[in-house]
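S.K.:
In our numbering, the protein residues as written are 76 to 615.
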């Protein structure tokens, strides 16, 4: 017997349920992987959130784990935390704002004095609508009392940063959200109108529902009040046209009328448009080949407009899945989807990514279709991690000249993806094969067994690997030794855990959180195929 080989076996004989080196930690599935550190976990939480937990970790534990990491980051460098929150929010890296808003509230309540001040000073940058501002206040209220000059100053600054017409629009569009109304906020903050008669009259109307007769109303308020008294859809249509009223200003009883939706459509922002495709189809405004449908298709096919609208790729994916299903998320109302609209949403998903150009590298995209990827893990619209992974894989399948997409669980799964396959087909095929245990070493092993040379391995996974006979790091090292010595590995995380199969000490491995518009560019730069990106001027 050789004792040394038992104490320190060859890496090729260390199973994933055993620790490969002292830097590894046990994931929730029982396998050993690498800890991405508190700052890496903060990024994942801000982008992916912890709603719903994961397959192996319930929601309460998952949220508390991320909260602990957030608190550790605040203790280490609170200003850096707030700057990262602002960055994630203003660049639109997350499909939902809730996670960043909670983190900002924690920073404003539990950071040191300098951090608290910076967090409150950053509210205007992160809370760009009344809806997000109300959510922030509700989270903050759970962490500290909403009293004191700092809170009042924050509220005053939020309203003062907007002119009277902008405040009026927010007051009409977001009457009540997240347990708050503008009247509630004004009663807490008591912001001074600073001698501005129009602002003072608007604040009085918000709080007391009374308007000062001698002061003219902002157009949006005038239109909203007139619409609330309208007796016919014809009246509402004229008011929408004259005042550009948003959907929230239209009385509910008129939202079944196609002419009302038709009046809103020309000035409807893209995010609102894709959310209301079902309503517009249900009302029979959208019909195959008619003028309204052509206008919708024109907007969905305009790449520059899509990018300027800041629509997140996952929001487009949610809209496509919901619209194609023919019924709302809560099962209320149904419609017959128009195939041309579904196809345009499919194309819009790709257009939502910034300047995707082929790198010319050889890609293998490994889609984790194991059972744990059936979990939604906070992803919007009830999307499973498996569905999102399949959709993301199609970004490279559609753009790179040399790419293969494979599915894996505890064995190789032939997903049957083709370059021209629709997103819906890809997501359906991935879901059909969504089962089994997880072995994240399989993409590298599969490539080696077939003697295929790849420059880049993209592995889209929740990092809950545990079943393999070798660690992913070892499988990658073996592949590099036998085939491509500088093969890159990109690990795209689908949940906000602190685990990754990527070795942090490997300069040729990259860990990415989320699926934002800049992901293809980041990966292109990492693999050495990036081209100069055309800057995009965003529209709020």
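Note that the Cβ used here is the ideal one computed from N, Cα and C, for glycine as well.
Pairing CB atoms from the region 535-548 with CB atoms from the region 574-586, are three or more of them under 8 Å?
M.R.: Yes, they touch.
S.K.: Tell me the rounded alpha-carbon separation between residue 528 and residue 559.
M.R.: What you label residue 528 is simply residue 453 of the chain shown in a count that begins at 1. What you label residue 559 is simply residue 484 of the chain shown in a count that begins at 1. Each residue's Cα considered, the two are about 6 Å apart.
S.K.: List the residues that DSSP assigns as beta-bridge partners of residue 402.
M.R.: Taking the chain shown and counting its residues from 1, the one referred to as residue 402 is at position 327. Its beta-bridge partners are 409.
S.K.: With a threshold of 8 Å on Cβ separation, who are the neighbours of residue 227 within its own chain once the five nearest residues in sequence on each side are excluded?
M.R.: Your numbering for residue 227 matches position 152 in the chain shown. For residue 227, where only same-chain residues beyond five positions count, the Cβ hits under 8 Å are 263, 264, 265 and 266.
S.K.: Could you please give me the residues that DSSP links to residue 251 through a beta bridge?
M.R.: Within the chain shown, residue 251 is the residue found at index 176, counting from 1. DSSP, once it has assigned bridges, lists 256 as partnering residue 251.
S.K.: So, using beta-carbon positions, are residue 566 and residue 531 closer together than 8 Å?
M.R.: Taking the chain shown and counting its residues from 1, one reaches residue 566 at position 491. Taking the chain shown and counting its residues from 1, one reaches residue 531 at position 456. No; because the gap between Cβ atoms is not below 8 Å, this pair is not in contact.
S.K.: Under 8 Å between the Cβ atoms of residue 272 and residue 296?
M.R.: By 1-based counting over the chain shown, the position of residue 272 is 197. By 1-based counting over the chain shown, the position of residue 296 is 221. Against a cut-off of 8 Å, the Cβ pair of residue 296 and residue 272 comes out as no contact.
S.K.: Determine the closest residue to residue 338 out of 393, 360 and 327, with distance taken between C-alpha atoms.
M.R.: Position 263 of the chain shown, counting from 1, holds the residue named residue 338. The shortest C-alpha separation from residue 338 is found at 360.
S.K.: From 214, 208, 246 and 163, pick the residue whose C-alpha is nearest to that of residue 232; which is it?
M.R.: Position 157 of the chain shown, counting from 1, holds the residue named residue 232. Ranking 214, 208, 246 and 163 by Cα distance to residue 232 puts 208 first.
S.K.: Where do the ends of the beta strand (DSSP E) carrying residue 123 lie?
M.R.: Taking the first residue of the chain shown as position 1, residue 123 is located at position 48. It is not in any beta strand (DSSP E) - residue 123 instead sits in the alpha helix (DSSP H) that spans 112-123.
S.K.: Considering only residues of the same chain and omitting the five flanking positions on each side of residue 552, which have a CB-CB separation below 8 Å?
M.R.: Taking the chain shown and counting its residues from 1, the one referred to as residue 552 is at position 477. Hits under 8 Å: 86.
S.K.: With contact counted as at least three CB pairs below 8 Å, one residue from each stretch, are the region 234-249 and the region 181-188 in contact?
M.R.: Taking 8 Å as the limit for Cβ pairs, the verdict is that the region 181-188 does not touch the region 234-249.
S.K.: Quick check: the Cα distance between residue 178 and residue 204, rounded to an integer number of angstroms?
M.R.: Position 103 of the chain shown, counting from 1, holds the residue named residue 178. Position 129 of the chain shown, counting from 1, holds the residue named residue 204. Going from the Cα of residue 178 to the Cα of residue 204 covers about 17 Å.
S.K.: In its own chain, which residues sit with a C-beta less than 7 Å from the C-beta of residue 292, not counting the 5 before and 5 after it?
M.R.: Residue numbering aside, residue 292 sits at position 217 when the chain shown is read from its first letter. These residues qualify, in order along the chain: 286.
S.K.: If you draw a straight line from the C-alpha of residue 607 to the C-alpha of residue 342, how long is it?
M.R.: As a first step, residue 607 is located in the chain shown; it is residue number 532 there, counting from the start. As a first step, residue 342 is located in the chain shown; it is residue number 267 there, counting from the start. Caution applies to residue 607, whose pLDDT of 45 falls short of 50 and renders its modelled position unreliable; the model cannot decide the point.
S.K.: With DSSP as the reference, label residue 612 as helix, strand or coil.
M.R.: Locating residue 612 in the chain shown gives position 537, counting from the first residue. Caution is warranted here: a pLDDT of 42 is assigned to residue 612, below 50, making its placement in the model unreliable, and the coordinate value is therefore given only provisionally. Correct three-state label for residue 612: coil.
S.K.: Residue 439 by DSSP, collapsed to three states: which one?
M.R.: Residue 439 sits at position 364 when you count from the first residue of the chain shown. Residue state, collapsed to three classes: strand.
S.K.: Would you list the residues sitting across from residue 284 in a DSSP beta bridge?
M.R.: Taking the chain shown and counting its residues from 1, one reaches residue 284 at position 209. None; residue 284 has no bridge partner.
S.K.: Put residue 279 into one of helix, strand or coil per three-state DSSP.
M.R.: As a working mapping, residue 279 is identified with position 204 in the chain shown. Looking at residue 279 - three-state DSSP - the assignment turns out to be helix.
S.K.: Could you check the C-alpha separation between residue 153 and residue 198 for me, to the nearest Å?
M.R.: Here residue 153 is taken as the residue at index 78 of the chain shown, counted from 1. Here residue 198 is taken as the residue at index 123 of the chain shown, counted from 1. Cα-Cα distance, rounded: 15 Å.
S.K.: If we count the other Cβ atoms within 10 Å of its Cβ and call it buried at 16 or more, is residue 611 buried or exposed?
M.R.: If you number the chain shown from 1, residue 611 lands on position 536. Confidence in residue 611 is poor, its pLDDT being 37 and thus under 50, which makes the residue's placement too unreliable to answer from.
S.K.: Roughly how many angstroms separate the alpha carbons of residue 251 and residue 390, rounded to a whole number?
M.R.: For the purposes of this step, residue 251 is taken as residue 176 along the chain shown, with counting starting at 1. For the purposes of this step, residue 390 is taken as residue 315 along the chain shown, with counting starting at 1. Cα-Cα distance, rounded: 23 Å.
S.K.: Given that a residue counts as buried once 16 or more other Cβ atoms are within 10 Å of its Cβ, and exposed if not, what is residue 589?
M.R.: Taking the chain shown and counting its residues from 1, the one referred to as residue 589 is at position 514. It is buried - the Cβ of residue 589 has at least 16 other Cβ atoms within 10 Å.
S.K.: Ends of the alpha helix (DSSP H) at residue 584?
M.R.: For the purposes of this step, residue 584 is identified with residue 509 of the chain shown, where counting begins at 1. No alpha helix (DSSP H) contains residue 584, which is instead part of the beta strand (DSSP E) from 584-588.
S.K.: Classify residue 91: buried if its beta carbon has 16 or more other beta carbons within 10 angstroms, exposed otherwise.
M.R.: For the purposes of this step, residue 91 is identified with residue 16 of the chain shown, where counting begins at 1. Per the 10 Å Cβ criterion, buried.
S.K.: In terms of residue numbering, what span does the alpha helix (DSSP H) encompassing residue 601 cover?
M.R.: Here residue 601 refers to the residue found at position 526 when the chain shown is read from its first residue. Its alpha helix (DSSP H) spans residues 594-602.
S.K.: Would you please state the rounded distance, in angstroms, between the beta carbons of residue 302 and residue 326? I believe it to be under 8 Å.
M.R.: Position 227 of the chain shown, counted from the start, is the residue given in the question as residue 302. Position 251 of the chain shown, counted from the start, is the residue given in the question as residue 326. The Cβ separation is near 6 Å, so the contact holds.
S.K.: Leaving out five residues on either side along the sequence, give the residues of the same chain with a beta carbon under 7 Å from the beta carbon of residue 544.
M.R.: Sequence index remark: in the chain shown, residue 544 carries index 469 (1-based). Excluding residues within five positions, the ones whose Cβ falls inside 7 Å are 90.
S.K.: Excluding the 5 residues flanking residue 242 on each side, which residues of the same chain have their C-beta closer than 7 Å to its C-beta?
M.R.: Numbered from 1 along the chain shown, position 167 holds the residue referred to as residue 242. Only 234 and 277 meet the Cβ criterion.
S.K.: Considering only the alpha carbon of each residue, which of 481, 191 and 214 lies closest to residue 504?
M.R.: Mapped onto the chain shown, residue 504 falls at position 429. Looking at the Cα atoms, 481 is the closest of the given residues.
S.K.: Answer yes if the region 436-452 comes into contact with the region 413-422, meaning at least three C-beta pairs across the two stretches below 8 Å, and no otherwise.
M.R.: No, the region 413-422 is not in contact with the region 436-452.
S.K.: Classify residue 189 as helix, strand or coil using the three-state DSSP reduction.
M.R.: Within the chain shown, numbered from 1, the residue matching residue 189 stands at position 114. Of the three classes helix, strand and coil, the one that applies to residue 189 here is helix, per DSSP.
S.K.: From residue 149 to residue 190, what does the alpha carbon distance come to, in whole angstroms?
M.R.: Position 74 of the chain shown, counting from 1, holds the residue named residue 149. Position 115 of the chain shown, counting from 1, holds the residue named residue 190. Whole-angstrom Cα-Cα distance: 8 Å.
S.K.: Nearest by alpha-carbon distance to residue 561: which of 511, 525, 501 and 602 is it?
M.R.: Mapped onto the chain shown, residue 561 falls at position 486. Comparing Cα positions, the closest option is 602.
S.K.: Nearest by alpha-carbon distance to residue 409: which of 451, 358, 366 and 211 is it?
M.R.: Within the chain shown, numbered from 1, the residue matching residue 409 stands at position 334. That would be 358, whose Cα lies nearest to the Cα of residue 409.
S.K.: Three-state secondary structure (DSSP) at residue 382?
M.R.: Taking the first residue of the chain shown as 1, we reach residue 382 at position 307. Helix at residue 382.
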